[in-house]
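Notes for the one structure printed next.
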Amino acid sequence: MATVKVKLDVSSSGLLSSPIKLFESDSIVTTGAVQRIAKTITATNGSSVVLLAKADFSDSDDQALVIVKNTGPTRDLILEAGADKEIIKLKPGQFAMFPYYHDDSDGNDLKAYASTSDGTTVEITAIEIT
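For the sequence shown, the working numbering gives the first residue as 329, with consecutive numbering after it.
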């Protein structure tokens, strides 16, 4: 069983006519599989590699909370979903957390490539939501 506690605190002034203040806190508990993957990505645009595929999920709903971090020192990591649609670009040290849903369609995998052929490294954790 995995538990993820999420706290989001957003505040700003000077961006809009009135200040922004938002705070949310939640816990996600699941009995689904937790996958941790660390790999070096040397593929570049046009030849991305699969990070998460249909076969990685055991639950029929195929939903997961995904945390991806570009752990490389100098190169960007670009994530693709569906038919090679770029969805996220992570600079070195940046991370993203997002819900992921994989239906039964072909070509719906989560893929990645590096900004240059000397590559970057990525860590990904996928927590299957049951």
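Think of the CB as a built atom: it goes at the ideal place given N, C-alpha and C, for glycine as much as any other residue.
Report task. Find the nearest neighbour of residue 381 within the set 356, 449, 365 and 347, judged by alpha-carbon distance. Result -> Residue 381 sits at position 53 when you count from the first residue of the sequence shown. Comparing Cα positions, the closest option is 365.
Query - residue 409 (DSSP reduced to helix, strand or coil) - result: Counting from one through the sequence shown, the residue named residue 409 turns up at place 81. Three-state DSSP puts residue 409 in a strand.
Requested in this report: Would you be able to state if there are at least three C-beta pairs under 8 angstroms between the stretch 348-359 and the stretch 412-423?
Outcome: no
Report task. Indicate the three-state DSSP secondary structure (helix, strand or coil) for residue 383 in the structure shown. Result -> Walking along the sequence shown from the start, residue 383 turns up at place 55. Correct three-state label for residue 383: helix.
Query - Sheet register partners of residue 363 (DSSP bridge) - result: By 1-based counting over the sequence shown, the position of residue 363 is 35. The partner list for residue 363 (beta bridge, DSSP) reads 454.
Query raised in the report: Just checking my contact of residue 441 with residue 372 at CB under 8 angstroms: how many whole Å lie between their CB atoms?
Result: As a first step, residue 441 must be located in the sequence shown, where it is residue number 113. As a first step, residue 372 must be located in the sequence shown, where it is residue number 44. Yes, residue 441 and residue 372 are in contact; Cβ-Cβ is about 5 angstroms, under 8 angstroms.
Query raised in the report: What are the partner residues of residue 415, as DSSP defines its beta bridges?
Result: Counted from its first residue, the sequence shown places residue 415 at position 87. Answer by DSSP bridge pairing: none, since residue 415 is not bridged.
Query raised in the report: Quick one: what's got a C-beta closer than 6 angstroms to residue 390's C-beta in the same chain, skipping five residues either side?
Result: Translated into the one-based positions of the sequence shown, residue 390 becomes position 62. Within the same chain, residue 390 has close Cβ partners 430.
Requested in this report: Between the Cα of residue 443 and those of 360, 346, 414 and 342, spot the shortest distance and give me the residue it belongs to.
Outcome: Taking the sequence shown and counting its residues from 1, one reaches residue 443 at position 115. Among 360, 346, 414 and 342, the Cα nearest to that of residue 443 is on 414.
Query - As assigned by DSSP and simplified to three states, the class of residue 443 - result: In the sequence shown, counting from the first residue as 1, residue 443 sits at position 115. Residue 443: coil per DSSP, three-state reduction.
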